[in-house]
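Participant:
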Amino acid sequence: MNDPISHKLFERAQALIPGGVNSPVRAFRAVGGDPVFIARAEGAYVYGANGAQYTDYVGSWGPMILGHTHPEVIKAIVAAAANGTSYGAPTELEVRFAEKLTQLYPSIEMVRAVSSGTEATMSAIRAARGFTGRDVTVKFEGCYHGHADFLLVKAGSGLATLGVPDSAGVPSSTAGHTSTLAYNDRAALRELFAARGDQIAAVIVEPVVGNMGCVPPVPGFLEEIVALCQKHGAVSIFDEVMTGCRVALGGMQQRTGLTPDMTCLGKIIGGGLPLAAYGGKRAIMQQVAPLGPVYQAGTLSGNPVAVSAGLATLERLDAGAYEKLEHLASRLEQGLLAALARTKTSGHVQRVGSMLTLFFNDGSPVRDWADAKKSDTERFGRWHRAMITRGQYFPPSQFEAAFVSIAHTEADIDATVRAAEEAMLERA
Ligand SMILES: Cc1ncc(COP(=O)(O)O)c(C=O)c1O
Numbered sequence: 001m002n003d004p005i006s007h008k009l010f011e012r013a014q015a016l017i018p019g020g021v022n023s024p025v026r027a028f029r030a031v032g033g034d035p036v037f038i039a040r041a042e043g044a045y046v047y048g049a050n051g052a053q054y055t056d057y058v059g060s061w062g063p064m065i066l067g068h069t070h071p072e073v074i075k076a077i078v079a080a081a082a083n084g085t086s087y088g089a090p091t092e093l094e095v096r097f098a099e100k101l102t103q104l105y106p107s108i109e110m111v112r113a114v115s116s117g118t119e120a121t122m123s124a125i126r127a128a129r130g131f132t133g134r135d136v137t138v139k140f141e142g143c144y145h146g147h148a149d150f151l152l153v154k155a156g157s158g159l160a161t162l163g164v165p166d167s168a169g170v171p172s173s174t175a176g177h178t179s180t181l182a183y184n185d186r187a188a189l190r191e192l193f194a195a196r197g198d199q200i201a202a203v204i205v206e207p208v209v210g211n212m213g214c215v216p217p218v219p220g221f222l223e224e225i226v227a228l229c230q231k232h233g234a235v236s237i238f239d240e241v242m243t244g245c246r247v248a249l250g251g252m253q254q255r256t257g258l259t260p261d262m263t264c265l266g267k268i269i270g271g272g273l274p275l276a277a278y279g280g281k282r283a284i285m286q287q288v289a290p291l292g293p294v295y296q297a298g299t300l301s302g303n304p305v306a307v308s309a310g311l312a313t314l315e316r317l318d319a320g321a322y323e324k325l326e327h328l329a330s331r332l333e334q335g336l337l338a339a340l341a342r343t344k345t346s347g348h349v350q351r352v353g354s355m356l357t358l359f360f361n362d363g364s365p366v367r368d369w370a371d372a373k374k375s376d377t378e379r380f381g382r383w384h385r386a387m388i389t390r391g392q393y394f395p396p397s398q399f400e401a402a403f404v405s406i407a408h409t410e411a412d413i414d415a416t417v418r419a420a421e422e423a424m425l426e427r428a
């Protein structure tokens, strides 16, 4: 199934780039085989270096909600680039961008643009620490918040064990400031606050997890995070880098009506260019330099080309777009469930809006990392390889969410479901 062109490129890449890729999951190690090298993309499709067409459910890991090369987005990028690609000075575009984000996310009273989701979460937590004068960050196992040292931590089992680094190169003293709990475990969260509430600076959460596969919050979980933070003077942070403008224009906070203290955004708000943001309560954001003592900066922050791509994308996301996404993603979900049933394959599909995951498991719902881990990753790998040969480009890991864009059509979804059913029957 490996195409010779991608194979040759991968060999050249591996000689010079760690694992041949600039971000690990792209290497296809979780599913086997060579990664497909992409030459171009348009609408719902990406095209391999060998010219093959794939229906794309990766969407650059989330940003491409309009599909690839949307004409209005490309026009905005070209027009902005013609005026200069970076000034390192303030622009009207950044003011418009801040106005747009604060309008879409009423919980955000002040906002700072950065260049990646990692920078957004790292900076939000620094601001929360500066604001509270406390050190401890609470996160949930299976949630990914970028690769800052203190967020690459997964605790051992049990309540609030001291953090153990998940990556070499993270000092244990840094990891020691992070407590990790099971996602959706309200009781554990309550116990942690009861024991250490006065040390907790922030609780950061993916309000729908995308990074262990799509895992929604149980009713009351997000509410409890916000309420406990408020009670104990800690900062609640919704990491909506993935869910922001994805599950609704105003993210999961719009769907739940919740008001977190801070929010991190990325992916869609940059329209496929490197742009992210963090923001929240004015009193917290006033801690950020040059207003306050929490330092955070960036040469390319608020880059005019990226902001133009982001604004052009956001302007096209209206109620009709979300209705279409819901319709198409629901069709994909129903189709995959029917394919599982017809092929007598055991598995489970979880979906929130246009993000979804097909878990190859015993059919039970996945509520946390312990559940997700029970999935048959070898089976997923086999299915994924069979999908690639059928021109279907799904995220190359069981523990990722697939994304539908408004460029997909019902015919695309139906073809994907037919391919998925065939792929479920493939044994090798
Ligand atoms: C929820 C979440 N937060 C943060 C990040 C990090 O964003 P970036 O890869 O832009 O640094 C990601 C990336 O996938 C993410 O899904």
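1 is the number of the first residue of the sequence shown in the UniProt record's numbering; add one for each residue after it. Heads up, the beta-carbon is just placed ideally off N, CA and C, and yes, glycines get one too. As the structure is a computational prediction, the values presented were derived from the model and not from experiment.
1. Report the rounded CA-to-CA distance for G142 versus V153, giving the unit in angstroms.
2. Ignoring anything shorter than 4 residues, give me the alpha helix (DSSP H) runs that lie fully in the segment 336-374, in order along the chain.
3. Considering only their Cβ atoms, is the gap separating L192 from V226 smaller than 8 Å?
4. By the 10 Å Cβ neighbour count, where 16 or more other Cβ atoms means buried, how is G169 classified, buried or exposed?
5. Counting only runs that start and end within the segment 85-163, where is the alpha helix (DSSP H) found for 4 or more residues in a row?
6. For the candidate residues G19, I125, F10 and G381, whose alpha-carbon lies nearest to that of N50?
7. Can you give the Cα-Cα distance for T259 and I204, rounded to whole angstroms?
8. Looking at E206 and ligand 1, is the gap between the Cβ and the nearest heavy atom below 7 Å?
9. Flag this pair as touching only if the segment 225-239 and the segment 384-395 have three or more C-beta atom pairs under 8 Å; answer yes or no.
10. Got a sec? Which residues, its chain only, sit under 7 Å from L162 by beta carbon, not counting five neighbours each side?
11. Would you mind sorting G240 into buried or exposed? The rule is 16 or more other CB atoms within 10 Å of its CB.
12. Between R129 and chain B, is the shortest Cβ-Cβ distance under 8 Å, so that the two count as touching?
13. According to the Cβ coordinates, are P35 and S60 closer than 8 Å?
14. Suppose you measure from the CA of G244 to the CA of M110; what does that come to, to the nearest Å?
15. Going by other Cβ atoms of all chains shown within 10 Å of its Cβ, with 16 needed for buried, is P216 buried or exposed?
16. So, with DSSP's three-state summary, where would you put P165?
17. Whole angstroms is fine: what's the gap from H348's alpha carbon to T299's?
18. With ligand 1 as the reference, list in chain order each residue whose Cβ lies under 5 Å from any of its heavy atoms.
19. Please list the terminal residues of the continuous beta strand (DSSP E) segment that includes A248.
20. Taking the alpha carbon of S179 as the point to measure from, which residue in A194, F150, E206 and A187 has its own alpha carbon closest?
Facilitator: Let's see:
1. Stepping through the sequence shown from its first residue, residue 142 is reached at position 142. Stepping through the sequence shown from its first residue, residue 153 is reached at position 153. Rounded to the nearest angstrom, the two C-alpha atoms are 10 Å apart.
2. 369-372
3. In the sequence shown, counting from the first residue as 1, residue 226 sits at position 226. In the sequence shown, counting from the first residue as 1, residue 192 sits at position 192. No, the Cβ-Cβ distance between V226 and L192 is not below 8 Å.
4. Against the sequence shown, residue 169 aligns to sequence position 169. It is exposed - the Cβ of G169 has fewer than 16 other Cβ atoms within 10 Å.
5. 92-104 and 117-132
6. On the sequence shown, residue 50 is found 50 positions in, with the first residue counted as 1. Residue F10 is the option with its Cα nearest to N50.
7. Stepping through the sequence shown from its first residue, residue 259 is reached at position 259. Stepping through the sequence shown from its first residue, residue 204 is reached at position 204. Rounded to the nearest angstrom, the two C-alpha atoms are 14 Å apart.
8. Along the sequence shown, read from residue 1 onward, the residue named residue 206 stands at position 206. Yes; taking the cut-off as 7 Å, the Cβ of E206 has a heavy atom of ligand 1 nearer than that.
9. no
10. Here residue 162 refers to the residue found at position 162 of the sequence shown. Confidence in L162 is poor, its pLDDT being 49 and thus under 50, which makes the residue's placement unreliable; the coordinate value appears in the next sentence. Around L162: G176.
11. Residue mapping note: residue 240 aligns to position 240 of the sequence shown, counting from 1. Just to set this straight, residue 240 is Glu in the shown sequence, not Gly. Counting Cβ neighbours within 10 Å, E240 comes out buried, since at least 16 surround it.
12. This model lacks chain B altogether, as it is built from one protein chain only.
13. By 1-based counting over the sequence shown, the position of residue 35 is 35. By 1-based counting over the sequence shown, the position of residue 60 is 60. No, the pair does not count as a contact, with Cβ atoms beyond the cut-off.
14. Along the sequence shown, one-based indexing puts residue 244 at 244. Along the sequence shown, one-based indexing puts residue 110 at 110. So the two alpha carbons sit approximately 17 Å from each other.
15. Locating residue 216 in the sequence shown gives position 216, where the first residue counts as 1. Under this definition P216 is a buried residue.
16. Counting from one through the sequence shown, the residue named residue 165 turns up at place 165. Strand, per DSSP.
17. Residue numbering aside, residue 348 sits at position 348 when the sequence shown is read from its first letter. Residue numbering aside, residue 299 sits at position 299 when the sequence shown is read from its first letter. When rounded, the distance between both Cα atoms is 44 Å.
18. S116, G117, T118, H145, G146, E206, D239, V241, M242 and G266
19. Numbered from 1 along the sequence shown, position 248 holds the residue referred to as residue 248. Looking at the DSSP string, A248 is not in any beta strand (DSSP E), and its letter there is neither H nor E.
20. Taking the first residue of the sequence shown as 1, we reach residue 179 at position 179. Of the candidates A194, F150, E206 and A187, the one whose C-alpha sits nearest the C-alpha of S179 is F150.
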